[in-house]
Amino acid sequence: RALDSDDVELLQMLLREGHTTLDDAFALHYAVAYCDAKTTAELLDLALADINHQNSRGYTVLHVAAMRKEPKIIVSLLTKGARPSDLTSDGRKALQ
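The following block contains the structure:
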């Protein structure tokens, strides 16, 4: 919900208080799917998540961004080290 309001500071506080990680919450996957490029960039700048973390279907945040077709987010992810060659469970690359 903190990401629904684009409030990265609130998210940081909730992570500290809740003893969870961005990866556990799939927060970066959520941000890439539903938040604007600015909020996603702020979340990436925290460097608290594995940018190549895969969800249960094998999708990384780059896969999600590619499906959304948001160029600014895709460029941010690649700049931060997202791997375009990672495969999903069904063998798909993020950038084909």
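For the sequence shown, UniProt numbering gives the first residue as 1, with consecutive numbering after it. Ideal Cβ placement from N, Cα and C applies to all residues, glycine included.
Thinking just about the alpha-carbon of each residue, which of A66, D45 and P71 is nearest to the one in D86? Nearest C-alpha to D86: A66.
Quickly, what does DSSP pair K93 with across the bridge? List them, please. Bridge partners of K93: L87.
For a quick check, are the C-beta atoms of K80 and L44 less than 8 Å apart? Cβ distance < 8 Å, so K80 and L44 count as in contact.
Backbone CA spacing between Q54 and V32 [nearest angstrom]: Whole-angstrom Cα-Cα distance: 13 Å.
Rounded to whole angstroms, how far is the Cβ of K93 from the Cβ of P84, which I believe are closer than 8 Å? Confirmed, about 6 Å.
I51 in three-state terms, based on DSSP: Under the three-state reduction of DSSP, I51 is assigned to coil, being neither helix nor strand.
Only counting the same chain, and skipping five residues up and downstream in sequence, which positions put a Cβ closer than 7 Å to that of N52? For N52, same chain residues with a beta-carbon under 7 Å away, outside a window of 5 residues either side, are T60, A82, R83 and D86 in chain order.
Candidates D90, E9 and L95: which alpha carbon is nearest T39's? Of the candidates D90, E9 and L95, the one whose C-alpha sits nearest the C-alpha of T39 is E9.
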